[in-house]
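Colleague: For the sequence shown, our numbering gives the first residue as 777, with consecutive numbering after it.
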Amino acid sequence: MRKSLFLLLILVACSPQDNYQGEIRNWEKQSENVTIIQDNFGIPHIYGKTDADAVFGLLYAQCEEDFNRVEVNYINAMGRMAEVEGESLLFTDLRMQLYIDPVQVKKEYRKSPKWLKKLMNAFADGINYYLYTHPEVKPKLITHFEPWMALTFSEGSIGGDIERISPRQLGSFYGKNPAELIKEETKDKEPRGSNGFAIAPELTESGNAMLLINPHTSFFFRAEVHMVSEEGLNAYGAVTWGQFFIYQGFNEKCGWMHTSSRADAIDYYYETIVKKEGKLFYKFGENLRPLGERLISLSYKSGDTMASKDFKVFYTHNGPVIRDENGKWVSIRLMIEHEKALTQSYLRTKAQGHEDFKKTMDLNTNSSNNTVYADAEGNIAYYHGNFIPVRNPEFNWAGILDGSNPETDWKGLHPVDEMIFILNPENGWIQNCNSTPFTACGDNSPNKEDYPSYMAPDRENARGLHAVRVLEGQSKFTIDKLIATAYDSYLIYFEPLIPKLIEAQSSAPSNIKSGLVEAVELLKNWDLRYSLNSTATSLAIYWGIELNRSRNPDEQMLMALRRAIHKLEIDFGSWKTPWGEINRYQRVNGNIRQPFDDSKPSLPVDFASSRWGSLASFGARTYPGTKKMYGTSGNSFVAVVEFGEKVKAKSILAGGISGDPNSPHFDDQALMYTKGEFKDVLFYKEDVESHAETTYHPGENK
């Protein structure tokens, strides 16, 4: 009797309410160890006693600026968007849940090293404390964050490997749905990626190495932050909303810039499926292996209620089956290392030089990126990809492999030293613009013949050609000179096209070239540089768009120009419209997708889409109801860093740090951004304090 009463008292004492009160006390106690200083641009500088304290403060600060983006990133990462948006996103969710099984991810969390668990705990606590202290904020779905969730979003690329899987193909295979009924992200054909430049000390005025950090992402995709702890953390840069590590940035000793890579980290296989005694098998060599099965139950919003559907998905040792092609099942194999990827992403932020940094690269989980690097010791380096399986070179790894042939199986991973790796090239500079690594340092670049073809299938692009041209032969770089180089206005794409246009006009019949003489003459005399007042820039870009729509561009030079002139006249009244009247920056509200409107205020932008070779990328197009072109991607967070006894840097962020239109930091960087002007980075505490706008602990009013 006494034993039963004792157990009852324990159960009462450990009620959920008491547990929650205990959580609150822990949050309040941890907040005392965290100081957030917002500078005059609203950039949060988080100071904590421990790394975990800094993570706690970072997530709290991120939520203050844009909780919506934090939450949506995790709704998407966990494959739960249909619960918010409806049935059309079921197969986007299924794509994520092929790899994100909460049961397994929770096991990974429990097996994680103690130091990483502390950071994941702090990640969840920082968000939950924000929600507790801001009861007016109503989450779309996630009302309580758990530490394991950090493992579902551990890398931070603009388009992770999983996104190679088509939701429409998944829906056709697993749901028997007509493809047109399945929602899939609309591709605008705007090049995504980034630019990274590293400059060796012998080419700088100060004798210090320098780094350009220039990601080309969707605008407002990343925030600018500064994390400091008494355990050696002092990192500044861009963090993808909801993550607790600086994704592209620098500390006092080194800096890192990721550019999207085409190094082959993914393979597709035709699987030979055999049904035997009512069970499914797949062939591998001379053997039949049981086909893996897993039941995934997905919830989705249906009107005012929730509904659900179950999907039985299939796996081979290569990975999940994702589609049927010509009567054969196709599986996909890619890197899935949640804990290792999170470890690598975080530890690089604490690297104290190239030796430390290379140790993080040896984890081989930065699968979708190249890395451009520079440090205070004067080293510059380049890593092409990071997760590259060892493969039999006799096969075409760009195609679909025979999954039944053991020779198409992966043979482990290439160590970093076997990949394309450049350290301190003689020319003194490195560039990567999502282009081939075989021009990364001009004449000192690696030799293509020295590597398997699957290691670098990347093609050259207009930005890569442009980057080599502006870096070759240069010296005495300063921060301002490197910024000017990164914003060089030349549009190299049109260099070979305009002579073809002139030739086409000279040989065309009079009825074809009628009315085009003045336009061709304008382009002939154009210096191929964009500017706000340039009518040639407008005409060339509209002409380029029309050429890209042509099946035979070389034969459509004049017709494409005629269509461009007609389009400009219809939309703007004259084909001689200055570029700045067309190419605009606009942020109306805090929504992830902006409702662009020609009648509302916007700012002119001179730099252009990277498809034309613009190093400073501004991916703009028209939208339903607009005639002007509005940018949504390209230069977002940009920084130039100089490493020496003290680090110096300048940066700019598209728009501003806040997602709240009522905040002064919603658009306080917008005008500077459109002009390519930068602010000084406040890296040292005395500088931060002298520009402090607010100083507070999480939970306190600003």
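Idealized CB from N, CA, C, for every residue including glycine.
Just so we're clear, the structure is a prediction, and the values are computed from it rather than from any experiment.
1. What is the residue span of the beta strand (DSSP E) that K1088 lies within?
2. Quick one, are the C-beta atoms of Y1230 and W1173 less than 7 Å apart?
3. Under 7 Å, do Q1019 and M1033 count as touching if we go by C-beta distance?
4. Cα separation between F782 and Y796?
5. Confirm the yes/no value for this check: CB of M896, any heavy atom of the ligand GDP, distance under 6 Å.
6. Take L787 and list the residues in its own chain whose beta-carbon comes closer than 7 Å to its own, dropping the five residues that flank it on each side.
7. Would you mind working out which of I1268, F1163, D842 and C1209 sits nearest D1193, comparing C-alpha positions?
8. Label P923 either buried or exposed according to how many other C-beta atoms from any shown protein chain fall within 10 Å of its C-beta, with 16 as the threshold for buried.
9. Quick check: the stretch 1462-1478 against the stretch 1381-1401, are at least 3 beta-carbon pairs closer than 8 Å?
10. Just tell me which of M857, E884, E861 and E863 has its CA closest to the CA of M872.
11. Pull up the distance between the alpha-carbon of N1203 and that of Y823, whole angstroms please.
12. Go ahead and label D1080 buried or exposed: buried means 16 or more other beta carbons lie within 10 angstroms of its beta carbon, across all protein chains shown.
13. With which residues is V810 paired in a DSSP beta bridge?
14. Between S1078, D1086, P1354 and W1186, which lies nearest to I862 when the distance is taken from Cα to Cα?
15. Among all the DSSP beta bridges, which residues are the ones paired with M857?
16. Applying the criterion that 16 or more other CB atoms from any shown protein chain within 10 Å of the CB defines a buried residue, is L1110 buried or exposed?
17. Using C-beta distances below 6 Å, list every residue in its chain close to G1432, excluding the 5 sequence neighbours before and after it, in chain order.
18. Which runs of the alpha helix (DSSP H) at least 4 residues long sit entirely within the stretch 1264-1347? Give them in chain order.
19. Taking one C-beta from the stretch 1419-1430 and one from the stretch 1281-1297 each time, how about it: are there three or more such pairs within less than 8 Å?
20. Can you tell me whether E1462 is buried or exposed? The criterion is at least 16 other CB atoms within 10 Å of its CB, across all chains shown.
21. Smallest Cα separation from R1387: which of S948, F1270 and I1176?
22. Counting only runs that start and end within the stretch 1389-1455, where is the beta strand (DSSP E) found for 3 or more residues in a row?
23. Using 8 Å for Cβ pairs, my map puts S933 next to S1144. What's the rounded Cβ distance?
24. Between T1141, Y1158 and N1142, which has its C-alpha nearest Y1149's C-alpha?
25. Note down the Cα distance separating S807 from V848, rounded to an integer number of angstroms.
26. So, at 6 Å on beta carbons, what are the nonlocal neighbours of W758 in its own chain, with the 5 sequence-adjacent residues on each side left out?
27. What span of residues does the alpha helix (DSSP H) with W1355 cover, start to end?
28. Can you name, in chain order, every residue of its own chain whose Cβ lies under 7 Å from the Cβ of A1216, other than the five neighbours on each side?
29. Which same chain residues end up closer than 6 Å to A898 when comparing Cβ atoms and leaving out the 5 residues on each side of it in sequence?
30. Report the CB separation of L870 from L1118 in whole angstroms; it is logged as a contact under 8 Å.
31. For W1487, name the three-state secondary structure that DSSP assigns.
32. Applying the criterion that 16 or more other CB atoms from any shown protein chain within 10 Å of the CB defines a buried residue, is Y1460 buried or exposed?
33. What does a CB cutoff of less than 7 Å around F1057 pick up in its chain, not counting 5 residues either side in sequence?
34. Between the stretch 896-913 and the stretch 802-821, do at least 3 Cβ pairs fall closer than 8 Å?
35. What does a CB cutoff of less than 8 Å around G1240 pick up in its chain, not counting 5 residues either side in sequence?
36. Our contact map puts W1017 next to Q814 with C-beta atoms below 8 Å; I'd like the distance itself, whole angstroms only.
Modeller: Based on what the coordinates show:
1. T1081 to T1092
2. yes
3. no
4. For F782, the predicted model reports a pLDDT of 43, less than 50, meaning its position is unreliable and no value from the coordinates is stated.
5. As for the ligand GDP, it is missing from this structure, which has no ligand bound.
6. Unreliable positioning characterises L787 in this predicted model, as indicated by a pLDDT of 43, which lies under 50. The coordinate reading is nonetheless provided below. Nothing meets the Cβ criterion.
7. F1163
8. buried
9. no
10. M857
11. 40 Å
12. exposed
13. G824
14. Before going further, note that residue 862 is Gly rather than Ile in the sequence given. Selected option, being the one with the closest Cα: S1078.
15. The partner list for M857 (beta bridge, DSSP) is empty, contrary to what the question assumes.
16. buried
17. H1441, F1442, D1443, D1444 and Q1445
18. 1273-1283, 1286-1289, 1293-1300 and 1311-1325
19. no
20. exposed
21. F1270
22. 1394-1397, 1405-1411, 1413-1418 and 1424-1429
23. 5 Å
24. Y1158
25. 25 Å
26. Any answer about residue 758 is impossible in this case: the structure gives the chain only from 777 up to 1478.
27. W1355 to I1358
28. Y1158, I1198, I1206, Q1207 and N1208
29. A828, V831 and F832
30. That pair is no contact at about 23 Å.
31. Nothing in the structure corresponds to residue 1487, since the chain is present only between 777 and 1478.
32. exposed
33. V1050, L1064, R1065, P1066 and L1067
34. yes
35. Q1207, N1208, C1209, N1210, S1211, T1212 and T1215
36. About 17 Å separates the two Cβ atoms, so there is no contact after all.
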